[in-house]
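Worksheet: the structure to be examined is printed underneath.
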Amino acid sequence: MPTFCGWATALFCFSITLAVAHPEILWTDCSEHVPPSDVFNATGVDLQHLPSTLKCGLLVVPMDYSKPLSESNNITLGLAMHRPAQPKGVIFFCPGGSDNAVVHAWNLALNITSPFIPDFSDLIDYDLMMMDIRGTYSSNPLNVSLDTVLPLFNPYPTSQDEFNTAKEIAAAAIQSWVDSSSPPGIVGHVGTREVVQDYNQIRQALGYEKIHFIGASYGSYRALQFAQTYPDSVGRFVLDAVVPHGVCPAQQAENEMAAANRVLLRADAYCQKNSSCPFSGAGKGSVPEAYREIIKTASNSSVDLVWAIQATITGLLQDQPDFPQIIDLIAALSMNISALDTLPQQALTAGSIVAYVLECGDSLLSLPMGGFELDTDTVQLACSAWPFDTAPLVPIRTEIPMLVVTADFDGSAPTEWTTLTMPDIPNGHLVVRHGDDHVSFNLPAQSSTAIAKRFLRTGILPGHSSNTFVTVYAPPVKRDPIADPYSVPTGFLGGDVDSA
């Protein structure tokens, strides 16, 4: 009876019978599979007396699904679950990108809450499944080096020679990851086409005919591809902060720039309502005007300085922007353009590099120099030398009813991406949150989150409605223009992080 070893966080191996067609989860001791310290603080946690509803598991799956499971073709996935005694069903949660998923099961089990992290307390009568995406954390993490890719995080190529140099750097970086990651070949098998098959293996192992799904950010990309691949297994799907299929990089970059400009206007709107803001007395538009003057002044110094400022401000406008921090930085640069010590350190980690790797298999195989003239997303540059085959750049259409959620002022997943996706989900209902931040489900106090949870619990999609904070559209969706950045609330009610 052939067996093989699958490595996980605890670095131990176990045997499985290759002849068994039905995948099986090996349930493990959660105290031996604690999420890493960069995402979870275990200080004060009694690991010997964890809640009984917290379950941790490992599942061996093919590395390459086009080949049979074997000693040379396997990886081990890590997952954690909330498991009540009599679950009403199962909800899969994918937080997006290379984000750690397992930690959310721990947060729920230990009642760790925040106004800016997902709250599953209204869904605890369901099995809740969180899997670390293959290539990350407890799911056969890739071995990537920051040193090989750091040169890409510089001003974008402005000539063919610079582009060729960047592509050579990308090729060398990718090859180093291929050489250092195991099992051999894993880097070419971490795309969404593999991830959705991983999800299906877990579905089968748990014994569910259908799954419900919360796909946040890049998790929405994975959820929609799962729906296309396994339509008979689709229950209630929520796509939040949509990352679209079939939209070319130039269009994505144009939308990203528009989104960044909107968030900068939201910072200005915040400023006009707060007397402590250094630009509050200068009137409407003073914050973006100050930023434009900073870039104009920096352009007289060096391209590197312009890039450093743009990259920093753009980064701060994404995810959960802290408007006081952004405004204070702009004020400091307005006083002293050479004050580089005021710029926050780039939050570049191995995890963020892995996020690029995961997306490369879902991107265009190669792009000419012109493809980068508008592209502000480093992932396209990092993937320019990707040596493996990629998914086709085509939209995914489904007739399955779903709930789609977006925010007018999301700086990471431009709301235009949701608008572009809706025609391919003709039976989808759209929830537009009139506020800030990336991923509405991460904001437990928002009415959009309550709408999503109600759908997950009941299966009833919401009808058309509108108020200050959210507008709901029923199909056929004809969305109104994006809200005026100055016309909707700022502060906590708008989803804002506020360090002031």
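According to mature numbering (1 follows the signal peptide of the UniProt record, and there is no 0), the stretch in the sequence shown is residues -21 to -1, 1 to 479, in order. A virtual CB, placed ideally from N, CA and C, is assigned to each residue, including glycine. Note that this is a predicted model, so its numbers are computed, not measured.
Check, Outcome
"Contact belief for Asn86 with Ile96 at Cβ below 8 Å, rounded distance in angstroms", "7 Å"
"Simplified DSSP assignment, three categories, for Gly198", "helix"
"Alpha-carbon spacing of Met348 relative to Glu338, whole angstroms", "Its pLDDT being 41, under 50, Met348 is placed unreliably in this model, and the value from its coordinates should be taken loosely. C-alpha separation (whole angstroms): 20 Å."
"Collapsed DSSP secondary structure at Tyr249 in the structure displayed", "helix"
"Range of the contiguous alpha helix (DSSP H) that encloses Cys339", "329 to 339"
"Chain-order list of residues whose beta-carbon lies under 6 Å from that of Asp387 (same chain, five-residue window excluded)", "Thr394, His413, Ile461, Ala462"
"Same chain, Cβ closer than 6 Å to His168, five either side skipped, listed in chain order", "Met42, Asp43"
"Residue range of the unbroken alpha helix (DSSP H) whose run includes Gly294", "282 to 295"
"Cβ-Cβ separation, Thr400 to Val221 (assumed contact under 8 Å), whole Å", "5 Å"
"Inter-residue Cα distance where the pair is Lys263 and Phe302", "15 Å"
"DSSP three-state assignment for Gly(-16), whether helix, strand or coil", "Bear in mind that the predicted position of Gly(-16) carries a pLDDT of just 42, short of 50, making it unreliable; the figure below should be weighed with that in mind. Gly(-16): coil per DSSP, three-state reduction."
"Whole-angstrom distance between Tyr249 and Val272, CA atom to CA atom", "First, the residue type needs correcting, since residue 272 is Glu and not Val in the sequence shown. Going from the Cα of Glu272 to the Cα of Tyr249 covers about 20 Å."
"Straight-line gap, Pro405 to Pro380 (C-alpha atoms, nearest Å)", "8 Å"
"Presumed contact (8 Å Cβ cut-off) between Asn119 and Ile181, rounded CB distance", "15 Å between Cβ atoms; not a contact."
"Endpoints, alpha helix (DSSP H) assigned at Ile305", "302 to 314"
"Three-pair Cβ contact test at 8 Å for the region 188 to 201 versus the region 221 to 238", "yes"
"The beta strand (DSSP E) enclosing Ile54, as first and last residue numbers", "54 to 61"
"Length of the line joining the Cα atoms of Thr127 and Pro267", "35 Å"
"Candidates Thr437, Phe216, Thr32, Ala237: closest to Ile103 by CA position", "Thr32"
"Val282 classed as buried or exposed, judged by whether at least 16 other C-beta atoms fall within 10 angstroms", "exposed"
"Nonlocal neighbours in the same chain, by C-beta distance under 8 Å from Ile306, ignoring five residues either side", "Ala246, Tyr249, Cys250, Cys256, Pro257, Phe258, Val266"
"Host beta strand (DSSP E) of Leu87 (start-end)", "From DSSP, Leu87 is part of no beta strand (DSSP E) but of the alpha helix (DSSP H) over 81 to 88."
"Gly36 - partner residues in DSSP beta bridges", "Trp6, Leu58"
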